[in-house]
Structures are given as C-alpha cells and as structure tokens.
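*Asks:* Residue numbering for the sequence shown follows my numbering, starting at 203 and increasing by one per position. C-beta: ideal position from N, C-alpha, C; glycine also.
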Amino acid sequence: MSSRIQPTLAARVWGGTRLRTLVPGAGEAMRASREPIGEAWFGDADESRRGVLVKLLDVHERLSVQLHPDNTLAAELHGPGAIGKHEAWVILDASPDATLLLGRDPSVAASDVAAAVAAGRGVEQLLARIPVVAGDVLDVPPGLLHALLPDILVWEVQQPTERTYRVADWGRGDPTRPLHRTESARALNPDALGRVDAHLDWSTPGEQRLLRTPHFDIHAIVGPFTGAITGELHHAGDTIATHVTQPGVADAIAPVRLRDLELAAWSSAHLADVAEVVVPAGSTLLIAIGR
Numbered sequence: 203m204s205s206r207i208q209p210t211l212a213a214r215v216w217g218g219t220r221l222r223t224l225v226p227g228a229g230e231a232m233r234a235s236r237e238p239i240g241e242a243w244f245g246d247a248d249e250s251r252r253g254v255l256v257k258l259l260d261v262h263e264r265l266s267v268q269l270h271p272d273n274t275l276a277a278e279l280h281g282p283g284a285i286g287k288h289e290a291w292v293i294l295d296a297s298p299d300a301t302l303l304l305g306r307d308p309s310v311a312a313s314d315v316a317a318a319v320a321a322g323r324g325v326e327q328l329l330a331r332i333p334v335v336a337g338d339v340l341d342v343p344p345g346l347l348h349a350l351l352p353d354i355l356v357w358e359v360q361q362p363t364e365r366t367y368r369v370a371d372w373g374r375g376d377p378t379r380p381l382h383r384t385e386s387a388r389a390l391n392p393d394a395l396g397r398v399d400a401h402l403d404w405s406t407p408g409e410q411r412l413l414r415t416p417h418f419d420i421h422a423i424v425g426p427f428t429g430a431i432t433g434e435l436h437h438a439g440d441t442i443a444t445h446v447t448q449p450g451v452a453d454a455i456a457p458v459r460l461r462d463l464e465l466a467a468w469s470s471a472h473l474a475d476v477a478e479v480v481v482p483a484g485s486t487l488l489i490a491i492g493r
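#1: In the DSSP assignment, find the beta strand (DSSP E) that holds Glu278 and state where it starts and stops.
#2: Once the 5 residues before and after Asn391 are set aside, which same chain residues still bring their CB inside 7 Å of it?
#3: Of the choices Gln208, Trp291, Gly245 and Ser266, whose alpha-carbon is the least far from that of Asp399?
#4: Tell me which residue opens and which closes the alpha helix (DSSP H) that Leu502 is part of.
#5: Rounded to the nearest angstrom, how far is the Cβ of Thr444 from that of Val256, given a contact under 8 Å?
#6: Let me confirm a value: Arg397 is counted as buried when at least 16 other C-beta atoms fall within 10 Å, else exposed. Which label applies?
#7: Considering only the alpha carbon of each residue, which of Leu355, His348 and His421 lies closest to Thr441?
#8: By Cβ distance below 7 Å, which residues in the same chain neighbour Leu463 in space, the five residues on each side in sequence not counted?
#9: What separation, rounded to the nearest whole angstrom, lies between the Cα atoms of Leu221 and Ala318?
#10: Going by DSSP, name the residue or residues bridged to Ile420.
#11: Could you say which of Trp404, Asp393, Asp419 and Leu487 lies nearest to Pro308 if we only look at CA atoms?
#12: Would Ser458 and Leu412 be called neighbours here (beta carbons separated by less than 7 Å)?
#13: The beta strand (DSSP E) spanning Val359 covers which residue range?
#14: Answer yes or no: do Thr428 and Val476 have a C-beta to C-beta separation smaller than 7 Å?
#15: Would you tell me roughly how many angstroms separate the C-alpha atoms of Gly494 and Ala389, rounded to the nearest one?
#16: Can you list the alpha helix (DSSP H) stretches of 4 or more residues lying completely in the segment 222 to 270, in chain order?
#17: In chain order, what residues of the same chain lie with their CB nearer than 7 Å to the CB of Asp314, ignoring the 5 residues before and after it?
#18: With 16 other CB atoms within 10 Å as the buried threshold, where does Asp419 fall?
#19: Straight-line CA distance for Arg252 to His280?
#20: Considering only DSSP beta bridges, list what Val480 is partnered with.
#21: Taking 7 Å as the cut-off, decide whether the C-beta atoms of Arg368 and Ser266 are in contact.
#22: If you draw a straight line from the alpha carbon of Ala213 to that of Arg331, how long is it in whole angstroms?
#23: Under a Cβ-count criterion, where at least 16 other Cβ atoms within 10 Å of its own Cβ denotes burial, should Ala311 be classed as buried or exposed?
#24: If we ignore side chains and look at the alpha-carbon of each, how far apart do Val339 and Leu381 end up?
#25: Measure how close the beta-carbons of Asp272 and Gly240 come, nearest whole angstrom, since I'm counting them as under 8 Å.
#26: To which residues of the same chain is Gly283 closer than 8 Å at the C-beta, ignoring the five residues directly before and after it?
#27: With a threshold of 16 other CB atoms inside 10 Å of the CB of Gly375, please say whether the residue is buried or exposed.
#28: Would DSSP call Arg214 helix, strand or coil?
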C-alpha cells in the first residue's frame, strides 16, 4: 500500500520563503520561524538502508561549493556501513538568468582544479557556469564539484545520507559550516564535467524516463494522464513520488490519484502496488526509484 510521507522543513542560510507555504503538512513551528527555509525533506538520511531520499530545495542565496564521496571512500573515511552520496536535480522553477556551478570549466586544466581544492582557495572561478531552465535534469555523481546558485527551485534525489564535503562557502565564515579540504581532495574527480543530461517535456502528457544512475532512476508522468504505469514503476522497491505543478500553473489544482490515496500538490508518497494513476492537467508526478 502506498503511504504519504510527512515532510520536514529545514532552515538553511541559503534558503528562501516559498517552502513554508508551498508544502502541505509541514510542522507549524517551522512555518512560524523567521529563519530562511532551504529544504523540505521527504524521507530521512538513514544510511542503514538502500534507497533514496527526496527533497525540495528553495535556493535564495548561493550554496557552498561542495562534492560528495562514493561508497568506497565513505566507508574508508567514516567506517563500515557509511555510504556515499550520488544525487540528481530536476529544475522546477528558475529565474530567466539562473545558472549553477557544475564540474570543471572545459577551458581549465584538471590539474589546476585539483591544486585549488587542495589549497582551499580559488575553486569557484574554475568551475563551469551552466544556465538552467525549468525541466532541466542534471546528474551529480560523487566527486563532481557543484554549487546551486540563487533563484532556483529544485527537486533533488539522493542516496540516503547527508555526507557532504564543503570546498568553499563564499566567505561566510560560519563555524557551523566547516570546510573539508582533506576529504574534498580525496573525493575529487578533477576531470569531471557537468552538463544538462535531460529535459522534462512539460507539454507531452504521459510517462518520461529522465535519468538512470547506478543508485536510482528518475521518471516523470506529465498530466493530463490516466492509465497504467510501467511494470518497472509498479514493482519497484523503494520508490518516492512527488506531485509538482508545472511552470506557470496555480497551486490550487486537483490531487494526483493513486489506487489507495490522493496526493496534493507538493506532497510526496512511498509508492507500492500502484498499477494506475490519474495525473490532472497542470500537474506532473516525479518518481525516484531506488536500487
């Protein structure tokens, strides 16, 4: 049986105000807080399980330049059972001039990136600045330097861990946000280049397969759509679906209907034994399938 996921809002120095009112069912204490809200979590960072963690990110200020280890390095540095972090983004909304940093700038030598990470300075200017629009899908494997930049709303899928190595934090000097120079140098893939890997076509109703990684797949079902979903989704183990509205669509729209529950906009659920789905016009069901 499918089950709705209780969201958790998280304050972040780089966050904004949208998630307070956008995400239904979040705690009232956090809604009343004056702190910027950066993340809505659907699930938890439980490294004892395989699967996925899904988040909504409201990026109002720059995130740190960071990267993540793979499973092998995580276990070496943090002990048996520790896992790495492979993640991916689907851009849900972006300002007309929105960009993000992802991977080495192709004009920069990999050795220069490695030296900058080891020295802990000058990394930002060596990275590729990639323009993004709503619907873009970007793979962020372990070892790839990245930083989300302002005015972007993101649906993020990741392995269930918060293991992040900060390389630079734009001079914030916040003692609660330490840098990880040694770990970053170990985790870095200096050759890695970033790119937009796929694009969600909001205008074409039906199922779209957007991304396949070693740890999860991403699908979308664009409304209006009524019908059976693929066997891959139907029989998937750890699967989380989020109902999002399409760009330019008001939030007060009909819920997505699954066999055993209705899912309001900006809500998520664990999917199980779902053979048919009803996605209304103006809505999209984003689906993360953990391996």
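*Replies:* The short version:
#1: Not the beta strand (DSSP E): Glu278 falls in the alpha helix (DSSP H), residues Asn273 to His280.
#2: Around Asn391: Gly345 and Leu346.
#3: For Asp399, the nearest C-alpha among the options comes from Trp291.
#4: Within the shown structure, residues of the chain are numbered from 203 to 493, placing residue 502 beyond reach of any answer.
#5: Indeed, because the Cβ distance is near 6 Å, the residues count as touching under 8 Å.
#6: Burial is judged here by how many other beta carbons sit within 10 angstroms of a residue's own beta carbon; Arg397 has fewer than 16 and is exposed.
#7: Considering only alpha carbons, the answer is His421.
#8: Apart from the 5 residues on each side of it in sequence, Leu463 sits with its Cβ closer than 7 Å to the Cβ of Ser204, Arg206 and Ala471 in its chain, given in chain order.
#9: Computed Cα separation, rounded: 35 Å.
#10: The partner list for Ile420 (beta bridge, DSSP) reads Leu413 and Ala490.
#11: For Pro308, the closest alpha carbon among the candidates Trp404, Asp393, Asp419 and Leu487 is that of Asp393.
#12: The displayed chain sequence assigns Val, not Ser, to residue 458. For the pair Val458 and Leu412, the CB atoms are not nearer than the 7 Å cut-off.
#13: First-last of the beta strand (DSSP E) with Val359: Ile354 to Gln360.
#14: Their beta carbons are not under 7 Å apart, which means Thr428 does not touch Val476 by this criterion.
#15: Because the chain is modelled from 203 through 493, residue 494 falls outside the range shown and cannot be assessed.
#16: Those alpha helix (DSSP H) runs which fall completely within the segment 222 to 270 and span 4+ residues are 230 to 234.
#17: Within the same chain, Leu328 come within 7 Å of Asp314 by CB-CB distance, once the 5 residues on both sides are set aside.
#18: By the neighbour-count rule (16 or more Cβ atoms within 10 Å), Asp419 is buried.
#19: Approximately 17 Å, taken between the alpha carbons.
#20: DSSP lists Thr428 and Arg459 as partners of Val480.
#21: A contact, by the Cβ cut-off of 7 Å.
#22: The straight-line gap from Cα to Cα measures roughly 26 Å.
#23: With fewer than 16 other Cβ atoms from the protein chains shown falling within 10 Å of its own Cβ, Ala311 counts as exposed.
#24: Whole-angstrom Cα-Cα distance: 28 Å.
#25: Asp272 to Gly240, Cβ: 25 Å. No contact.
#26: Same-chain partners within the cutoff: Glu249, Ser250 and Ala277.
#27: That one is exposed.
#28: Arg214 falls in the strand class under three-state DSSP.
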